[in-house]
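Input: a single structure, listed below in structure tokens.
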Amino acid sequence: MIPANFTYHKATTLQEAIALSGELGEEAKYMSGGHSLLPMMKLRFATPEHIIDISKIQGLSYIKEDDDLLKIGGLTTQTEIEHNALLQEKYPIFGDAVWLTADPSVRNCGTIGGNIAHGDAANDQPALMLALRATIIAEGTDGKKEIPIDEFFHGFYMTALEQGDILTEIQIPKARKNSGGAYYKMERKVGDYATAGVAVHIELDDAGVCTEIGIGLTNVSAVPMRLERGEAFLRGKAVTDALIEEVAQMASEDCEPESDLRGSEAYKRSIVNTLTKRMLNKALERARQ
Amino acid sequence: MAKHTVTMTINGESVTAEVDSRLLLVHFIRENLDMTGTHIGCDTSSCGACTILIDGKSVKSCTYLTVRADGANITTIEGIAADGTNHPLQQAFHDQHGLHCGFCTPGMIMRSIDMLENNPNPTEEEIRWGISGNLCRCTGYNNIVKSIQQAAKEMQQEKEPTV
Amino acid sequence: MFSCKTSPEVGGMGHSVKRKEDARFLHGKGNYTDDVKLPGMLSMVMVRSPYAYAKIKSINKDKALAIDGVLAVITGEDLAQYGLHWMPTLLSDQQMVLPTDTIMHQSQEVCAVIATDRYIAVDGAEAVEVDYEPMDAIVNPYKALDEDAPLLRPDKEGQKDNQIYHWERGDREKTDAVIANADVVVKERIHLPRIHVASIETCGCVASYDKDTQKMLIYLTTQAPHAVRTILALVAGHVGLSEEKIRIISPDIGGGFGGKVPVYPGYVVAIAASFLIGKPVKWIEDRSENLTNGFARDYHMDCELAATKDGKIQAFKVSTLADHGYTDSSANPSKYPTGMFSICTGSYDYEHAFAELDAVYTNKAPGGVAYRCSFRVTEAVHAIERMVDKLAAEIGKDPAQLRFENFIKKDQFPYASPLGWSYDSGDYEATLKKAMDMLGYDDYKKEQAEKRAQGKLMGIGICTFTEVVGAGPSKDFDILGIAMFDSAEIRVHPTGKAMARFGTKSQGQGHETTYAQILAEELGIPYTDIEIEEGDTDTAPYGLGTYASRSTPTAGAAAAVAARKLKEKGKKIAAHLLEVSEEDIEWEVGKYFVKGAPEKSKTIQDVAFAAYTNIPPGMEPGFEATHYYDPPNLTFPNGAYICVVEVDEETGAIDVKRFVAIDDCGNIINPMIVEGQVHGGLTQGIAPAMYEGIEYDDEGNVLNGTFMDYLVPTAVESPHWETGHTITPSPHHPLGAKGVAESPTVGAPPAIANAIIDALYPLGIKHLDIPITPAKVWEAIQAQKAKA
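Chains as they are written, first to last, in the working numbering: chain C, 1 to 289; chain G, 1001 to 1163; chain F, 2001 to 2788.
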């Protein structure tokens, strides 16, 4: 398996990358970690004429809290996320997800920006971004833009990023007191794409009432999916087992999985139900710690 | 078809070459440099037979463009121990019968070097997850786990200062 | 128990000496086929069919040939000029090298592109334009026998339908009668799906023809270099490639498991290309090509097991439909088209059995290739072991107890099985007992009862299998007429060091160590002083190769017998040196001594030196021996495996909590290596039990032709195996040894399946076919709920 011919370009600054993209046009693709795009090129599902390597751009790899936001640079690798002390301590949902994403060597290359920008509902990070209500920061020919995550995913491999845009940063509201998140996916074997996955982030007030909730689903719809109905239902309520059951039921109803090698539609709906319950409970447990 | 001049350090030696954009790093290492210890098993970054270290991190060289390695410091199985000697992982794989056909072994060892760098004293579960991107079809993994455990112990002892 | 006769330094049988072959692999200096680089070498890449069944209307080479560096595009028509477009399979069928008109399975080779390098060859293959006329493929083997099914193989003379053959063994009438009158009869249709061995090294070759010497040198990923050379000579002798002009070197092999026994079309095309072009040609499969080139298993077995109401087994009947794809490429002995499937009566003592099988063609890749067991023992054992468990469940008896009550007893060996085998030895009760003790069977039974009371799903599964390996005695066993002996050739040098060559070929089994240990055991020469060579047809003695766990039973035996021939010669030399008569010489490991005067002795090294320097008058100089070993019987390794699982009722997820494997492979040469073989085989047992299976859609498209979807277990899926042994020596093998490497692949799947089904039994689930995935478990649970 060998990719078709293309021309490689290395960008060392954001400006250079954007300018190159503007010059080369639609036949140019950015490559960061390369572990989504290059396999597709090797299988010749993708045959870009130009590859612009953005992995050498300095200053886009970081994890930090800044004012009210958690900021993660677009070129931060999955491995960096996995080993980051701040995330381990305050945002364990990232550890849940990264541990289940591909394998350690792939995670050494794969970036969080690439995982999201690829626009693949089978990737794990999009569900997290939905649950955590991330804002995507991108820069392109027309400058810098902020894209709320709910406006980011447009279709199968299609996102709000336009030709030339580079996903530079992910912004997530800083973890509040009494908040917690959790992610799990069923996979056929370790490193597989999800049969179905559920990300939950929940915030409670001192009385234990749910003040904010985010639920993102992996690989059960053409685009990464937010469980809006379940979130609206739970927001403002003291969470009980009975309510969790109801939300899980909504998740299994609202998702749009298709039967494939990973299982039947009915199976996937059932997995979404079970995982929604389990992740809500796990997130609650973390929120109450 | 664009050509690029790349310079990288491989196993301590500087290498400069002119390569096509699409040349995969595993082919550059195997065919241009004639170092055939790095293998190809799956083409889809699933099996890990092609694992090498780039700047100390394990990477699947079948899914890495050679041009991107310009300026990198690369280590392959041929470069982890001086001739006639064994890296603790090589010794441990021998001692614990951690290899049968040997095809996955270089990749398995290169991955383990990175793993032990980040986690010098892994549990069995951490080892199993740590090598989950490296397939072995012969050993059933029991003895690979034992090999890595042995090496971890030895490498830790090596690091401890001797009085 | 086995006690070592040699010191660890000598390293004879029973010592876990470390492997001699390790160093080159550990340092990246192994020499696998893709590592071979010859001057002027060209690269070959195949164009493959996107359709499962299609007419080829045209192949346009122009765009490919226009690419700089593409030298040739070879089609079936091109090969037909030399009569090389078809080749025989090992079982009197034939297979296309390249098609001239019809495609018979998806990803079949259509034509080959030869270029100056791999990258250009791939571009060339992309540029070849093939015009296909797709036809409706036969995917379901049951439909292959429909009256209106198209005749898939009109090329075969006299072929009127899609049945390849019918085979049967045993007494149908008596078996039917016993089943009809039995207290209890359990029935099941059991399918073992198509799987692929997926050795981490794919298949490939470098063919290099020298027009001056007319010699064809082929580096080949093969487990049977000598047999392949003979086949090539038979196929291509007419164009000048006669057997003495072909040299096959099987270099280091990155796992074989039987997948490197067949002759694949790519080999033949590369050889033809090198012959025509006069340059070396390399062809290496990519993973998708590898996963779609041929398959193991695919037996649909209708089983009936009859017993008395208290569980005494009386009769077993199995009727099988075998899906062979478009050609029967089984690598079986020619008198055994279904391999050793008639071992299906298992480890139990009963009188009546009948097995029959119908093999059919479908539009799939060639079937019958191995997966760490080519001779259908896996299918046979799965059938009987599932049925025994089903019987136990049916009559409410503990499955271990049921097995104890039905085992062939230790004193019944040699045991004549109802379908004609003579089991050599075993102590099935002791083996199962040991497994139960190691697991703590009774404790788990209690835990299971408690868990069930809480509504939790926990299962315990047993498999007590009997394997049949070491083919085989020449009166019954041949491949293409060649008797299935194997060989050893020993040379002891004047300094007392030795080299030995064999007709087999290791693919990771550690022959360079274990054969040296056999010679160390027999001769007392330290194993470190003995070099082992295999795989070069110009130098090694003829043998049938390494597969079907036959190396120890055949070549290992040959090594022992050849060593004993040497020892006899050595005795004469020792008598000469010690100036006594031969009758007065005795042997203990490593030296000859005078009876009653042990201080008067000569070491094997002294004797070897004398064989070249001071030979007795009239004796032929030198110290060499060769033996071609024709085994008197097969060997029957056996084992008892127990698996404990827990199942998550909500998700279907299966957690293998424990897996205990007790193997009895007779006397053990190297316990470390045997244990390693068992570990590996167990992982290749859990693989088909829970993860692997080639999936097709209705049009014959393979749905999981990469490692992203063909789910080879990682270290996470593979449990921490717990292993042990009982030792019941083979009475007929010179070392008392049996084969072992396939036992775990045979024994693990039914143990795992039995455990999962046992877990699900409270829900009313009585059978599931492998691979048993969480999705399959969940669907079965829903089906039960729907019924309720």
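Glycine included, each C-beta is placed from N, C-alpha and C at the ideal position.
This structure is a prediction, so every number in the text was calculated from the model and none was measured.
Counting only Cβ-Cβ distances below 8 angstroms, G:Ser1021 has contacts in chain C at Asn5, Phe6, Thr7, Tyr8, Ile51, in chain order. Here the C-alpha atom of F:Gln2784 lies approximately 12 angstroms from the C-alpha atom of F:Glu2649. Excluding five sequence positions before and after G:Arg1030, the CB atoms of its chain that fall closer than 7 angstroms to its own CB belong to Thr1036, Thr1038, given in chain order. Taken in chain order, the complete beta strand (DSSP E) segments of 3 or more residues contained in the segment 2107 to 2185 of chain F are 2109 to 2115, 2129 to 2134, 2163 to 2170.
Contact annotation: F:Cys2203 and F:Lys2260 have beta-carbon atoms nearer than 8 angstroms. Within a 10 Å sphere around the beta-carbon of G:His1097 sit 16 or more other beta-carbons, which makes this residue buried. Within the same chain, Cβ atoms closer than 7 angstroms to the Cβ of F:Ser2208 are found at Leu2038, Leu2217, Ser2274, Pro2280, the five residues on either side in sequence being excluded. Secondary-structure assignment with DSSP links F:Gln2095 through a beta bridge to F:Met2087. Among the residues of the segment 2762 to 2785 of chain F, those with a Cβ less than 8 angstroms away from any Cβ of chain C are Thr2773, Pro2774, Ala2775, Trp2778, Glu2779, Gln2782, in the order of the chain. Distance from the CA atom of G:Asn1142 to the CA atom of F:Leu2735, rounded to whole angstroms, is 28 angstroms.
For C:Ser105, the nearest CB of chain G lies under 8 angstroms from its own CB, placing it at the interface with that chain. In the structure shown, F:Tyr2515 adopts helical secondary structure according to DSSP, grouped into three states.
Pairing F:Thr2089 with F:Thr2603, the inter-Cα distance amounts to about 50 angstroms. F:Ala2500 places its beta carbon less than 8 angstroms from that of F:Ala2559. The DSSP-derived three-state label of G:Gln1096 is coil. Counting C-beta atoms within 10 angstroms of its own C-beta, F:Lys2595 has fewer than 16 neighbours from the protein chains shown and is therefore classed as exposed. Close to C:His118, with beta-carbon spacing below 9 angstroms, lies no residue of chain G; the smallest spacing is near 14 angstroms. Judged by DSSP secondary structure, F:Thr2613 falls within the alpha helix (DSSP H) whose first and last residues are 2604 to 2613. At least 8 angstroms separates the beta-carbon of F:Asp2328 from that of F:Leu2098. In the structure shown, C:Gln171 falls within a strand segment according to DSSP collapsed to helix, strand and coil.
Where G:Met1110 is concerned, there is no enclosing beta strand (DSSP E), although the alpha helix (DSSP H) around it starts and stops at 1105 to 1118.
Annotation: F:Lys2409 is outside any beta strand (DSSP E) and is labelled neither H nor E by DSSP. The C-beta distance from F:Thr2513 to F:Glu2157 rounds to 49 angstroms, too long to meet the 8 angstroms contact threshold.
Relative to the Cα of F:Val2492, the nearest Cα in the group F:Phe2316, F:Val2647, F:Val2607 belongs to F:Val2607.
Contact between the segment 2674 to 2690 of chain F and the segment 2749 to 2758 of chain F is present: 3 or more CB-CB pairs across the two stretches fall below 8 angstroms.
Residue contact with chain F for G:Asp1043: present (Cβ-Cβ distance below 8 angstroms to some residue of chain F). By the criterion of at least three beta-carbon pairs nearer than 8 angstroms, the segment 65 to 77 of chain C is in contact with the segment 161 to 170 of chain C. Neighbours of F:Phe2295 across chain G, judged by C-beta separation under 9 angstroms, do not exist; the nearest C-beta is about 16 angstroms away.
Only exposed fits F:Lys2335, as fewer than 16 other CB atoms lie within 10 angstroms of its CB. For G:Asn1142, the enclosing alpha helix (DSSP H) starts and ends at 1142 to 1159.
Fewer than three pairs of CB atoms, one per stretch, sit closer than 8 angstroms, so the segment 2110 to 2130 of chain F makes no contact with the segment 2303 to 2315 of chain F.
Short of 8 angstroms from the beta carbon of G:Pro1120, and not among the five residues preceding or following it, lie these beta carbons of its own chain, in chain order: Ala1152, Met1155, Gln1156, Lys1159. If you ignore the 5 residues before and after F:Asp2529, its C-beta comes within less than 8 angstroms of the C-beta of Gly2496, Lys2497, Ala2498, all in its own chain and listed in chain order. Annotation: F:Met2041 is outside any alpha helix (DSSP H) and is labelled neither H nor E by DSSP.
In the three-state reduction of the DSSP assignment, F:Gln2314 falls in the strand class. F:Val2381 is the residue among F:Val2381, F:Thr2221, F:Lys2317 whose C-alpha sits nearest the C-alpha of F:Arg2297.
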